[in-house]
Each structure stands twice: as C-alpha cells, then as structure tokens.
Ligand SMILES: Cc1cc2nc3c(=O)[nH]c(=O)nc-3n(C[C@H](O)[C@H](O)[C@H](O)COP(=O)(O)OP(=O)(O)OC[C@H]3O[C@@H](n4cnc5c(N)ncnc54)[C@H](O)[C@@H]3O)c2cc1C
C-alpha cells in the first residue's frame, strides 16, 4: 500500500484523496486545520441560517469536472440562472457588464468610455493597471476597476501582476460583445442585442459545503481518515525525498507521498509569497429582501465592503421561512487591525448596507463576523519568479488554490485533483493564453 498524506481538506485535497482511494492501492490520511472539511467552500450554520464563504457556485466547461460534481452531489443539485450585479455610480447594473448596461452608464462615464472603446489599441502589459487600461480604457478603469481593486487588495493596482486581471476579470467579466476589438464587431453587437445568460450548479440543500461533506463521507467509507483541527507545520524531507509531514502538536505523519494543498508559503516562507484574508459579516434579516441579484460588487471606497451575496438566491434552504440574509465581504490581511478586531466594523457595515439600499437597520437580526484565512494569493509583479523558486522535493506534490498559489475556482481545483490522481496535471487557465 502506498501511504499518502493529504494536507488540507478543501475541494482539492478531498477530491484527490477520494480519487486515490477509489482507484485502490493507497492508504490516505487527510489533515485539516479547521474543525470542518470544505476549505474556502465551506458553509457556516447559525440560528437556522446557512452562509457560504461569499458566493460559491459550480460553473465549468470541463465535461469531466461537471460529471464528477454531479456524481458527488447526486440528487442534491439545482441548476440556477446567474444574476450578478455591480453597484456603479450609485446604481445597480448587471454584471458581467453588458452592452445594454454600458449604454445605461451616466454620460460622464459613457461618452469618454465609448470613445476609448473605439479608439483603443491593445498593447502588451505587465501590470494589472496597464492591462485593464489597454482593454477597457482609462475612464472605466478610473470609475470602477482602480478603486475596486485598491479596496479589494489593499494594494495599488500598478503593483499587481497582469495575471490578477486574467484570473479575476477575464474569466467572467465582460460580455463578449463589449470586448469586441473592432468597430464592426461593436456595431454588430449594437444591432443584434442578445442577452448573455449563464447558469450554474448549486446544491439544492445544505449550502456549498454539501459537496465537501459528500466527499468526506466517501473517503471515510473507503477507509481514509480525516483529522480535523490539526495543522501541518512543514514537510519532512530526508535524503532529498519527502517522507511525511510534521504537525502542530509535535507529532508527524509518515508517508510515501504528501499532497500539499495548504499555503505553499508554510513550506517556504523565504519565497515571500503572501495571501489576502477576508472578514465575512454574516447578516441575518427579519424580512425578505427585494434585491434580485445573487451577488453584487461595490467598487466605491466610500462603501466598506467589496461584495454582497444573497444566499436565498442560491437556495431557499439557506434561510428560515420568511427571513433573509446577506454575506458581506471585507478584505484584510491576517494580523491587521480588522483581522484582530472584526467586530469593530459591525456598525459601519450596517450603515453601508442602508446607504446602498441593501437592507435597513431595523431588519437586522444579527451580524456575525467570521475570519477566513488565505482567501486570495497576492499576485505581486514578481510573483512568478518567487513561485518558480519553490522546487518541491520528490514525493511532495503541490495541489489546489493555496498549494499552487493559483487564483482559481473550485472547478480548477477539482480538475487539478482529478488529473494529479491520474498521474498528470493541468496548467492554470491564465498561463496558457499566450502571454505566459
Ligand atoms: C469569497 C470567495 C468566493 C468564491 N466563489 C467561487 C465560486 O463561485 N465558484 C468557484 O468555483 N470558486 C469560487 N471560489 C474559489 C474556491 O473557493 C476555491 O477555488 C476552492 O475552494 C479552492 O479549494 P482548494 O482545496 O484548492 O483550497 P482551499 O479551499 O483553500 O483548501 C485548503 C485547505 O487547507 C487547510 N489548511 C490550511 N493550512 C493548513 C495547515 N497548515 N494544515 C492543515 N490544513 C491546512 C485549509 O483550512 C483548507 O481547508 C471563491 C473563493 C472565495 C474566497
């Protein structure tokens, strides 16, 4: 039997463990720092309300991933049309930005943007700021992307690598018709306006963590073990080969292979790779909201949060009958003032919810801050060189969002786990677009 230690029970670690066990010939132990599996795709339960870590839905064009997700979820599955928004210039608009949406922008944003859209020339860019300006023009950059990114990351957009745009914006952002690179294509879009609709998969009940729970049950039913509430502190390397992982209680797991989906920065702190963290404010509401979006982005720095999510628009099972809820996301760094005292922002969160007409203070039943570590890898201008400097020894494989420092989605983590369990790997989507 090959002994495999999997560090991290997020989507990637769980899929990898489940696939190895189902092919046989392995014993698998999964080590998870938190007290529940799921990682970023977990769900919190409080006072009869369920809250995911922001909006979490399955959306993929990879048939193997799609069929794996459907197989794991079984009958607990719904297919939901996407309805996301952006709060821009004091009004709610559909997101990704559509041609119709762009045409509804206030004239002081629309006219210069239209001119730039027609006149712009794509240039090669190395930073997030250059890239967005070359694609969407200075005006849209100034009115949305700049402030949103600075608020979201806490960093100047000029200091972020162009990959931040590829991963964060290009994957889903703008209606292809607006992305049109020439006047004819733009005119075609204007003459033939067709709504672009996408849908996603979401568990009918139990929130996004249902996926991780199903995988955890499968793993345990095949003899795998999941150790919760235990942190790995490093890999044990002897004679250039990984022989296991050390844990925070001083013990060790011996294994022939370690699959590491925890932050890669734990393995090599000197590489200087960093992650953002997030404080979620879980808001229970007495009455139903009238907001029709599933999630909405807020770019203005005057509003303290960057995104709101309405869990009921994913599944009615997320809220008690007649009630409603919101998930409020505020970015931070582990150890900063907000991280150390998240409750201090609660009054401001309630105030800003009212300012954007999302919820009135009288409706609020509770606001629970929850700290989520390592939500996004930070793509500094030199992150690729720093990452390339980390060369894992034989027997240690890097996996998942934190392990491979990949600003990815669940489907990417699943695709990677499926491929690695089969002896292969997948390249990250935005490294294969010709710019790498
Ligand atoms: C706000 C938000 C919204 C998102 N929305 C979507 C969406 O709509 N659709 C989508 O597909 N994706 C979405 N994603 C991305 C998605 O959550 C991730 O791609 C996916 O969950 C990553 O899974 P993973 O297993 O690779 O990593 P993780 O979920 O980060 O798993 C790593 C695991 O390792 C554990 N760990 C960390 N350190 C240690 C340690 N020292 N020892 C042991 N265990 C450790 C962690 O607790 C965690 O469980 C979103 C992400 C965020 C933050």
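In our numbering, the protein residues as written are 975 to 1410. No residue lacks a Cβ here, since even glycine has one placed at the ideal position from N, Cα and C.
Would you identify the three-state DSSP class for residue 997, choosing helix, strand or coil? For the purposes of this step, residue 997 is taken as residue 23 along the chain shown, with counting starting at 1. In this structure, DSSP gives residue 997 a helical state, which the three-state scheme calls helix.
Spatial distance of residue 1300 from residue 1023 (CA atoms): Here residue 1300 refers to the residue found at position 326 of the chain shown. Here residue 1023 refers to the residue found at position 49 of the chain shown. Taking the straight line from one Cα to the other gives about 10 Å.
Closest by C-alpha distance to residue 1061, when choosing among 1279, 1351, 1322 and 1393: Taking the first residue of the chain shown as position 1, residue 1061 is located at position 87. The shortest Cα separation from residue 1061 among 1279, 1351, 1322 and 1393 belongs to 1279.
For residue 984 and residue 1282, I'd like the C-alpha separation in whole angstroms. Residue numbering aside, residue 984 sits at position 10 when the chain shown is read from its first letter. Residue numbering aside, residue 1282 sits at position 308 when the chain shown is read from its first letter. Roughly 23 Å between the two C-alpha positions.
Less than 7 Å between C-beta atoms, sequence neighbours within five positions excluded: which residues of the same chain meet that for residue 1102? Counted from its first residue, the chain shown places residue 1102 at position 128. Once the five neighbours on either side are set aside, the close Cβ partners of residue 1102 are 1123, 1131, 1134, 1135, 1136, 1138 and 1139.
Closest residue to residue 1257 among 1342, 1066, 1086 and 1032 (Cα-Cα distance): Working through the chain shown from its first residue, we reach residue 1257 at position 283. Of the candidates 1342, 1066, 1086 and 1032, the one whose C-alpha sits nearest the C-alpha of residue 1257 is 1342.
Just to confirm before moving on: does the CB-CB distance between residue 1385 and residue 1033 stay below 9 Å? By one-based count along the chain shown, residue 1385 stands at place 411. By one-based count along the chain shown, residue 1033 stands at place 59. Yes. Within cutoff.
Provide the residue span of the alpha helix (DSSP H) that contains residue 1126, from first to last. The residue labelled residue 1126 in the question sits at position 152 within the chain shown. Here the alpha helix (DSSP H) through residue 1126 covers 1120 to 1127.
Alpha carbon to alpha carbon, how far is residue 1090 from residue 1158? Give it in angstroms, no decimals. Sequence index remark: in the chain shown, residue 1158 carries index 184 (1-based). Sequence index remark: in the chain shown, residue 1090 carries index 116 (1-based). Confidence at residue 1158 is low in this model, with a pLDDT of 48, below 50, so its placement is unreliable and no value can be given for it.
Entirely enclosed alpha helix (DSSP H) segments - the stretch 1202 to 1256, minimum 4 residues: The stretch 1202 to 1256 contains these whole alpha helix (DSSP H) runs: 1238 to 1241.
Whole-angstrom distance between residue 1175 and residue 1031, CA atom to CA atom: Working through the chain shown from its first residue, we reach residue 1031 at position 57. Working through the chain shown from its first residue, we reach residue 1175 at position 201. Whole-angstrom Cα-Cα distance: 6 Å.
Can you name the start and end residues of the alpha helix (DSSP H) that residue 1306 belongs to? What you label residue 1306 is simply residue 332 of the chain shown in a count that begins at 1. No alpha helix (DSSP H) contains residue 1306, which is instead part of the beta strand (DSSP E) from 1298 to 1306.
Rounded to whole angstroms, how far is the Cβ of residue 1383 from the Cβ of residue 1184, which I believe are closer than 8 Å? By 1-based counting over the chain shown, the position of residue 1383 is 409. By 1-based counting over the chain shown, the position of residue 1184 is 210. So it is not a contact: roughly 17 Å between Cβ atoms.
Nearest-angstrom Cα distance between residue 1360 and residue 1294? The residue you call residue 1360 lines up with position 386 of the chain shown. The residue you call residue 1294 lines up with position 320 of the chain shown. If you take the alpha carbons of residue 1360 and residue 1294, they lie about 47 Å apart.
Supposed close pair residue 1289, residue 1052 - CB separation, criterion 8 Å: One-based indexing of the chain shown puts residue 1289 at position 315. One-based indexing of the chain shown puts residue 1052 at position 78. Confirmed, about 7 Å.
For residue 1016, name the three-state secondary structure that DSSP assigns. Looking up residue 1016 in the chain shown gives position 42. Note: residue 1016 maps to coil in three-state DSSP.
Beta-carbon contacts of residue 1252 that lie in its chain and below 6 Å, excluding the five residues immediately before and after: Your numbering for residue 1252 matches position 278 in the chain shown. Around residue 1252: 1303, 1305, 1346 and 1349.
To the nearest angstrom, how far is the alpha carbon of residue 1367 from that of residue 1214? Counting from one through the chain shown, the residue named residue 1367 turns up at place 393. Counting from one through the chain shown, the residue named residue 1214 turns up at place 240. Cα to Cα, residue 1367 sits roughly 6 Å from residue 1214.
Spatial neighbours of residue 1039 within its chain, please: C-beta separation below 6 Å, excluding the five flanking residues on both sides. For this step, residue 1039 is matched to residue 65 along the chain shown. Excluding positions up to five away in sequence, the list reads 1385, 1388 and 1389.
Given a cut-off of 9 Å on the beta-carbon distance, is the pair residue 1362 and residue 979 in contact? Taking the first residue of the chain shown as position 1, residue 1362 is located at position 388. Taking the first residue of the chain shown as position 1, residue 979 is located at position 5. Residue 1362 is not a Cβ neighbour of residue 979, given a cutoff of 9 Å.
Go through its chain and collect everything with a Cβ distance to residue 1380's Cβ below 6 Å, but skip five positions before and after it. Mapped onto the chain shown, residue 1380 falls at position 406. Within the same chain, residue 1380 has close Cβ partners 1402.
Starting from residue 1033, follow its DSSP beta bridges and name the residues at the other end. Position 59 of the chain shown holds residue 1033. Answer is none; residue 1033 lacks a bridge partner.
Between residue 1203 and residue 1017, which are expected to be in contact by the criterion C-beta below 8 Å, what is the C-beta distance as a whole number of angstroms? The sequence position of residue 1203 within the chain shown is 229, counting from 1. The sequence position of residue 1017 within the chain shown is 43, counting from 1. Your pair residue 1203 and residue 1017 does not check out as a contact, with CB atoms roughly 18 Å apart and the cut at 8 Å.
Using a Cβ-Cβ cut-off of 7 Å (strictly less than) and excluding sequence neighbours within five positions of residue 1308, which residues of its own chain qualify? Here residue 1308 is taken as the residue at index 334 of the chain shown, counted from 1. So the list reads 1251 and 1347, once near-sequence residues are dropped.
With DSSP run on the structure shown, which of helix, strand or coil describes residue 1408? In the chain shown, the residue the question calls residue 1408 occupies position 434. With a pLDDT of only 42 at residue 1408, under the threshold of 50, the placement of this residue in the model should not be trusted; the figure read from the coordinates follows. Here residue 1408 carries a coil assignment [DSSP, helix/strand/coil].
Considering residue 1385, what are the terminal residues of the alpha helix (DSSP H) in which it resides? One-based indexing of the chain shown puts residue 1385 at position 411. Counting along the chain, the unbroken alpha helix (DSSP H) around residue 1385 starts and ends at 1384 to 1395.
Taking the C-alpha atoms as reference points, what is the distance between residue 1156 and residue 1108? Translated into the one-based positions of the chain shown, residue 1156 becomes position 182. Translated into the one-based positions of the chain shown, residue 1108 becomes position 134. Because the pLDDT at residue 1156 is just 45, under 50, the model does not fix this residue reliably, and the point stays unresolved.
If we ignore side chains and look at the alpha-carbon of each, how far apart do residue 1077 and residue 1275 end up? Position 103 of the chain shown, counting from 1, holds the residue named residue 1077. Position 301 of the chain shown, counting from 1, holds the residue named residue 1275. Distance between the alpha carbons of residue 1077 and residue 1275: 24 Å.
Pick helix, strand or coil for residue 1089, following the three-state DSSP scheme. Within the chain shown, the letter at position 115 stands for residue 1089. Of the three classes helix, strand and coil, the one that applies to residue 1089 here is helix, per DSSP.
In three-state terms, what does DSSP make of residue 1270? Walking along the chain shown from the start, residue 1270 turns up at place 296. Reduced to three states, the DSSP call for residue 1270 is strand.
Looking at the structure shown, is residue 979 part of a helix, part of a strand, or coil, going by DSSP? Here residue 979 is taken as the residue at index 5 of the chain shown, counted from 1. Here residue 979 sits in strand by DSSP.
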